[in-house]
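Asks:
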Amino acid sequence: TQGQVITCKAAVAYEPNKPLIIEDVQVAPPQAGEVRIKILFTALCHTDAYTWSGKDPEGLFPCILGHEAAGGSIEILLNAKDLFFVWSGNRVVESVGEGVTEVQPGDHVIPCYQAECRECKFCKSGKTNLCGKVRSATGVGVMMNDRKSRFSVNGKPIYHFMGTSTFSQYTVVHDVSVAKIDPKAPLEKVCLLGCGVPTGLGAVWNTAKVEPGSNVAIFGLGTVGLAVAEGAKTAGATRIIGIDIDSKKYETAKKFGVNEFVNPKDHQKPIQEVIVDLTDGGVDYSFECIGNVSVMRAALECCHKGWGTSVIVGVAASGQEISTRPFQLVTGRVWKGTAFGGFKSRTQVPWLVEKYMNKEIKVDEYITHSMTLGEINKAFDLLHEGTCLRCVLST
Ligand code: NAD
Ligand code: AHE
Ligand code: ZN
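Be aware that the sequence shown starts at 3, since it is given in full-length UniProt numbering, and climbs by one per residue.
(1) At a cut-off of 7 Å, is H162 close to the ligand ZN when judged by its beta-carbon and the heavy atoms of the ligand?
(2) Just to check my reading of the structure: R241 and N265 have Cβ atoms closer than 8 Å, yes? What is that Cβ distance to the nearest angstrom?
(3) At a cut-off of 7 Å, would you count A255 as near the ligand NAD, judging by its Cβ distance to the nearest heavy atom?
(4) Quick one: does the C-beta of C47 sit closer than 7 Å to a heavy atom of the ligand HEM?
(5) Would you say I242 touches the ligand NAD, meaning its beta carbon is less than 7 Å from a heavy atom?
(6) What I want to know is whether the C-beta of G68 ends up closer than 7 Å to one or more non-hydrogen atoms of the ligand ZN.
(7) What first and last residue would you give for the beta strand (DSSP E) that runs through S55?
(8) Taking C-beta to C-beta, are residue 2 and S179 nearer than 8 Å?
(9) If we ignore side chains and look at the alpha-carbon of each, how far apart do G224 and T333 end up?
(10) Specify, as a first and last residue, the run of the beta strand (DSSP E) that K364 falls within.
(11) Within the region 246-308, note down every full alpha helix (DSSP H) run reaching 4 residues or more, in order along the chain.
(12) Excluding five sequence neighbours on each side, which residues of the same chain lie with their C-beta closer than 8 Å to the C-beta of K307?
(13) Using 8 Å for Cβ pairs, my map puts P200 next to L42. What's the rounded Cβ distance?
(14) Would G259 pass as a contact of A301 if the rule is Cβ separation under 8 Å?
(15) Hey, is P18's beta-carbon within less than 8 Å of any beta-carbon in chain D?
(16) Would you mind reading off the limits of the beta strand (DSSP E) that contains P159?
(17) Where does the unbroken beta strand (DSSP E) through P21 begin, and where does it stop?
(18) Mind checking S97: buried by the 16 CB within 10 Å criterion, or exposed?
(19) On the DSSP bridge list, what partners appear for S170?
(20) Using only alpha-carbon positions, find the residue among P214, A71, R120 that is nearest to T349.
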């Protein structure tokens, strides 16, 4: 298939909120600096649902969504028993374009929506994990080389999404957006290391840099909030207060380190006041893991005067703005945000995979459902129900 157009199945979003359609999509071969990947497993993240809803200013239609995935050959990967199967020739990295040196056909990879070129001003700053090399293309659904898409249906182009487009059996990504991982890692699990879990862990470890003995408040106990809890626990936080409007979330959250729970609906007072009262003046660190701008304000205002830091993790829709009294910042509270938890993707995703393999971080525990790509609309319905954390689709 190298150098040839591949026709495969993909879930195409033709219009905001209209059911995704499983189509035969043509995937062009990779050009210079690009990699064509066979996606084997992809999970759904709330950011996919957000863009699909039409509220993302960067959302373009028709497109192929999806950004939390892994590629690999089931035959050689899953379990020891699968090793007896004949190598089918399926490859994670299907082919590479000219000038691509770091990945080879057959490598097992995780596509990274946050690229890492190691050459741009951002990458060299030592101050951020953001990368500038391909961002101008990934934000408008095309590839950097020719500002065109590699996907089409009967000759009509379909936009890429976040530089990843993983709701497809094959995708083309920039080489700076591919993390090569341990081939022994189970791809149906480590696909989660493409977004939600690293985001929560990194928000604590890299962005907030939570110290042992800290008090932490987490607003929203979905996958991202639970990963924040896990990060806070491993960082040695003492009180880990989970806040969610769904009280059923506490039971699961305990397993990730949450040791106190508050449902804002059980209180008359604004939630920030409730947390300030509970914690002798406020928490050391808070995290907003919902994407709700009024909760972002509450998360800042429940921080301790003089030093409390609040990290925005949730993604809010186009047109939404945050506000607070500047006095909150004058009196020492700090407002921050994080993308992919501040992790340098190509360098640190393989490291996170190793941590998972060494049982130092959870991944399996976030997977509540498994389905096929053909069931993707059902999977999105589930995502909006309180019982689903991550649903992994096999392609
Ligand atoms: P999720 O929907 O599973 O979790 C959100 C939780 O918030 C739910 O448990 C819900 O009950 C709770 N909630 C809703 N409204 C609430 C309120 N007013 N007060 C308290 N709790 C409330 O979502 P997720 O997958 O965990 O993602 C969370 C957010 O993080 C999303 O906005 C997603 O787009 C964003 N995200 C950001 C990054 C990043 O790099 N910054 C990465 C991944 C996801
Ligand atoms: N197009 C969106 C951007 C949303 C956003 O902030 N995305 C996060 C990742 S969410 C993953 O689930 C991110 O990494 N942002 C940094 C970047 O470079 O996009 C909007 O709202 O405009
Ligand atoms: Zn995501």
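Even glycine gets a Cβ: it sits at the ideal position worked out from N, Cα and C.
Just so we're clear, the structure is a prediction, and the values are computed from it rather than from any experiment.
Replies: According to the structure data:
(1) The residue labelled residue 162 in the question sits at position 160 within the sequence shown. Checking the Cβ of H162 against the ligand ZN gives no.
(2) Along the sequence shown, read from residue 1 onward, the residue named residue 241 stands at position 239. Along the sequence shown, read from residue 1 onward, the residue named residue 265 stands at position 263. Between N265 and R241 the Cβ distance is about 17 Å, and since that is not below 8 Å, they are no contact.
(3) Numbered from 1 along the sequence shown, position 253 holds the residue referred to as residue 255. Answer for A255: no, Cβ out of range of the ligand NAD.
(4) Among the ligands in the structure shown, the ligand HEM does not appear; only the ligand NAD, the ligand AHE and the ligand ZN can be found there.
(5) As a working mapping, residue 242 is identified with position 240 in the sequence shown. False, no ligand heavy atom lies under 7 Å from that Cβ.
(6) One-based indexing of the sequence shown puts residue 68 at position 66. It does not: the Cβ of G68 is nowhere closer than 7 Å to a heavy atom of the ligand ZN.
(7) In the sequence shown, the residue the question calls residue 55 occupies position 53. No beta strand (DSSP E) contains S55, which DSSP labels as neither H nor E.
(8) No information on residue 2 is available, as it lies outside the stretch 3 to 397 that the chain covers here.
(9) As a position in the sequence shown, residue 224 is number 222, starting the count at 1. As a position in the sequence shown, residue 333 is number 331, starting the count at 1. Going by the C-alpha atoms only, they are around 31 Å apart.
(10) Residue 364 sits at position 362 when you count from the first residue of the sequence shown. No beta strand (DSSP E) holds K364; DSSP gives it neither H nor E.
(11) Runs found: 251-257, 273-280, 295-303.
(12) Along the sequence shown, read from residue 1 onward, the residue named residue 307 stands at position 305. Within the same chain, G283, G284, T333, G334, R335 come within 8 Å of K307 by CB-CB distance, once the 5 residues on both sides are set aside.
(13) Stepping through the sequence shown from its first residue, residue 200 is reached at position 198. Stepping through the sequence shown from its first residue, residue 42 is reached at position 40. No, P200 and L42 are not in contact; Cβ-Cβ is about 19 Å, not under 8 Å.
(14) As a first step, residue 259 must be located in the sequence shown, where it is residue number 257. As a first step, residue 301 must be located in the sequence shown, where it is residue number 299. No, Cβ-Cβ distance for G259 and A301 is not below 8 Å.
(15) Considering every chain present, this structure includes no chain D. It has just one protein chain.
(16) As a position in the sequence shown, residue 159 is number 157, starting the count at 1. From DSSP, the beta strand (DSSP E) with P159 extends over 158-160.
(17) Residue mapping note: residue 21 aligns to position 19 of the sequence shown, counting from 1. Here P21 belongs to no beta strand (DSSP E), and DSSP marks it neither H nor E.
(18) What you label residue 97 is simply residue 95 of the sequence shown in a count that begins at 1. With 16 or more other Cβ atoms within 10 Å, it is buried.
(19) Position 168 of the sequence shown, counting from 1, holds the residue named residue 170. Paired residue(s): A12.
(20) Reading the sequence shown from its first residue, position 347 is the one you call residue 349. R120 is the residue among P214, A71, R120 whose C-alpha sits nearest the C-alpha of T349.
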